[in-house]
Amino acid sequence: MKENSYNKYSDWHDILSDSINTAEDLAKHLPVDISGVRRVTESYPMRINPYYLSLMINKGDHIRKQAVPDMREIEDISGSDDPLCEERQSPVPNLTHRYPDRVLFMVSDQCAMYCRFCMRKRKVGRPFTVTNSTINSGIDYIRANNTIREVVVSGGDPLLLEDDAIDRILKDLRSINQIEILRLHTRVPSTLPQRITKNLADILRQYHPLFINTHFNHPDEITNEAALACTTLADAGIPLGCQTVLLKGVNDNHFVMQTLMKKLLTIRVRPYYIHHPDIVRGTSHFRTTVKNGLGIMRSLHGHASGLCVPQYMIDLPGGGGKIPLLPEYIKSVSDGKIMVENYKGEVLAYPE
Ligand SMILES: *Cc1c(COP(=O)(O)O)cnc(C)c1O
Ligand code: SF4
């Protein structure tokens, strides 16, 4: 496939409908183990759209790993399908109510690409997981609970819904008195940036305060198309954040992560979280150590603008919630002073 051959498409629907979802099709573009890919896709669906495929072909292994099924997904017997107990904390289907003031509301079971490391592998890409009826019961639940101040509209990818469906969901949520903040979680700026159309931006801008957190894992995902998508959203007044997943072989090194965080700022996206990968069955080959994650955070603090330093989060198994982890900068605490280490590694006294 030639570079940018997806430019022949004039509409994101056409890009999406030309996605690869069988091992045989994938083998026409990349050297893959056909029978292995076929076996994995019996358990976990694959979708690689022509835009992301062009990145995989042009940029290499760190991009491919995110999208190409790997036998280790079905050989992995560690972890659980739902370590964060999203289902147990789900009062109605596809809505998780863990924190008092905000809920996670899954309004789509589709994504523009199925990430192999997905923490919702158990659900994404499975048709009929989300229906009009689950969406309506979610909205009813939110309306009936007056402690909820913020709705995190998620999936799957909510922006794979049609414009009028997105409009209707946001309109319904905005009509609920106690809802102050709307937030969308979407990966399309990195996996199908063509989805961010002027029309979509004009719909979204009606529902402020509305925030979007997107998801980039490697600087090579920040293309001209991705930059244009983020500009379109930012110009509609939408503050953009990024939730990156720390992934072995993709971004688990200082240089790649620093470059990614700095480059995100240049496309007006402010890094929000780096997530340590959850203990989800089928994803153990992406896992790295917390020690490595803390080292990466240390390489950011003081070496990169504070604007591009996110929080490093672990999500506790069992539904205990997210916790930020910090490198240890306090070396000792005594009467009258603490000893702290700065970004150069110098240990200095701070008087109390
Ligand atoms: C992550 C998460 C949220 C949002 O958490 P923030 O720290 O506000 O980004 C809300 N509900 C659930 C169930 C979550 O997992
Ligand atoms: S876009 Fe998000 S929800 Fe969809 S497969 Fe990737 S990580 Fe999972």
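According to my numbering, the sequence shown is numbered sequentially starting from 7.
Where a beta carbon is used, it is the ideal one built from N, C-alpha and C, also for glycine.
Opposite residue i in the DSSP bridges: which residues?
i, result
"I320", "I329"
"H103", "DSSP output for H103 lists no bridge partner at all."
"I187", "E156"
"L354", "V346"
"I172", "Note: I172 sits in no beta bridge, so no partner."
"A310", "H307"
"S338", "M345"
"I54", "I26, M119"
"V362", "Residue 362 falls outside the range modelled here, since the chain spans only 7 to 358, and no answer is possible."
"V286", "S86"
Just tell me which of the options has its CA closest to the CA of residue i.
i, options, result
"C314", "Q264, I329, H291", "Q264"
"R70", "S49, I182, Y147, H224", "H224"
"P195", "I175, H19, E227", "E227"
"S86", "S290, Q72, I302, K268", "S290"
"G255", "R293, K204, S16, M112", "R293"
"E334", "M345, D341, D76, S340", "M345"
"P56", "L270, D17, F261, L22", "L22"
"S160", "N183, S139, R193", "R193"
"K350", "A310, G327, V339, Y50", "A310"
"G359", "S338, I336, S340, S49", "With the chain covering 7 to 358 only, the question about residue 359 has no answer from this structure."
"I329", "R78, H281, L32, D82", "H281"
"D241", "E347, C117, H221, F217", "F217"
"M52", "A29, M319, L36, D67", "A29"
"L179", "I83, E231, I141", "I141"
"R155", "D341, P215, V46", "P215"
"C121", "R274, Y58, S181, L188", "Y58"
"S16", "Q317, T203, A150", "T203"
"H260", "R108, H68, G301, L188", "G301"
Taking 7 angstroms as the cut-off, is the beta-carbon of residue i closer than that to any non-hydrogen atom of ligand 4?
i, result
"H68", "Among the ligands modelled here, namely ligand 1 and ligand 2, ligand 4 does not occur."
Please go through the same chain and pick out, in chain order, the residues whose beta-carbon is closer than 6 angstroms to the beta-carbon of residue i, but skip the five residues on each side of it.
i, result
"L167", "S114"
"Q184", "N152"
"D24", "P56"
"R201", "W18, L165, V194"
"S84", "S290"
"N219", "H191, G247, Q249, Y278"
"P316", "P277, Y278, Y279, I280"
Below 7 angstroms CB to CB, which residues in the same chain sit around residue i once its five sequence neighbours on both sides are set aside?
i, result
"R132", "D115"
"R94", "G325"
"E9", "With a pLDDT of 49 at E9, under the threshold of 50, the modelled position of this residue cannot be trusted; read the value that follows with caution. Closer than 7 angstroms at Cβ, skipping near neighbours: S60, N64."
"G144", "V98, N100, L101, F111"
"D284", "P89, L90, M125, D321"
"D258", "L252, T294, N298"
"Y147", "P97, V98, L101"
Which residues in the same chain as residue i place their Cβ atom closer than 8 angstroms to its Cβ, once the five residues preceding and following it in sequence are excluded?
i, result
"H172", "One detail in the question is off: residue 172 reads as Ile in this sequence, not His. Excluding positions up to five away in sequence, the list reads P164, L165, L206, I209, L210."
"T229", "L61, P199"
"G327", "R104, Y105, D321"
"L271", "P277, S311, L313, C314"
"D67", "G255"
### Task
Count the CB pairs spanning the region 92-112 and the region 287-300 that are closer than 8 angstroms, and state whether there are at least three.
Because the criterion of three Cβ pairs below 8 angstroms is not met, the region 92-112 and the region 287-300 do not touch.
### Task
With a floor of 4 residues, list each alpha helix (DSSP H) that falls wholly inside the region 82-138, ordered by position along the chain.
none
### Task
List in chain order: all unbroken alpha helix (DSSP H) runs of 4+ residues lying wholly within the region 207-281.
230-241, 260-272
### Query
If we count Cβ pairs, one from each stretch, closer than 8 angstroms, do we get three or more for the region 38-49 versus the region 155-167?
no
### Query
Is the region 227-243 touching the region 130-147 in the sense that three or more CB pairs, one from each, lie closer than 8 angstroms?
With fewer than three CB-CB distances shorter than 8 angstroms, the region 130-147 does not count as touching the region 227-243.
### Message
Under 8 angstroms: do the region 65-84 and the region 300-310 share three or more Cβ pairs, one atom per stretch?
### Response
With fewer than three CB-CB distances shorter than 8 angstroms, the region 65-84 does not count as touching the region 300-310.
### Message
Under 8 angstroms, with one C-beta from each stretch per pair, do the region 243-250 and the region 265-278 reach the 3-pair mark?
### Response
Short answer: they touch.
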